[in-house]
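Here the sequence shown stands for residues -19 to -1, 1 to 134, where the numbers follow mature numbering (1 follows the signal peptide of the UniProt record, and there is no 0). Backbone N, C-alpha and C define an ideal beta-carbon position, used for all residues, glycine too. These figures come from a predicted structure and were not determined experimentally. First the structure, in the form of structure tokens, and then the observations on it.
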Amino acid sequence: MKKLLTLIALAGIFSVTLAQTAAAPTTAATPAPAEAAAAAPTAQQNRMVSCNKEAGAKNLAGDPRKAFMKSCLSGETGQTAQQNRMVSCNKAAGEKALKGDPRKAFMKTCLSGDTAAAPITQQSKMTSCNAEATAKALKGDERKAFMSTCLKG
């Protein structure tokens, strides 16, 4: 199929080149608009070339290639799994009203596809317990006891 398409494209280019050479006058003149339009590939021809290259890069053959070429030439653009994941993660982050670093961390874990919650690190525990102790205005032994129980739990 790929060889056939290549041969058809080459035959078309060759015939257009021969037609232009045979029809070209011996004196230099500006080409007619119809000749200029025939020489420039159409949008559909450009699409055919790009779809054909993409199908070749994906090593598609047979029915999968036909299906791919049909959807590619018709201009259908389905979203990739990563794009779908981005949409859903973005929506979830918006519903949770996350902003800044928490949003960035959430998006990173969501987009990586990790379904299990990331384990809480000792450093993040320390940060949250410290903030909680500061909010409660704990000092001295009370703070030590609170931090000890908070970090263990």
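Sorting Leu119, Lys120, Met107 and Thr115 by C-alpha distance to the C-alpha of Cys131 places Met107 at the top.
Using a Cβ-Cβ distance cut-off of 8 Å, the segment 78 to 89 and the segment 46 to 66 are not in contact, since fewer than three pairs of beta carbons, one from each stretch, lie closer than that value.
Within a 10 Å sphere around the beta-carbon of Ala78 sit fewer than 16 other beta-carbons, which makes this residue exposed. Residue burial is scored here from C-beta neighbours: Ala(-9) has fewer than 16 other C-beta atoms within 10 angstroms and is therefore classed as exposed. Distance between Ser129 and Asn65, taken at the CA atoms: about 43 Å.
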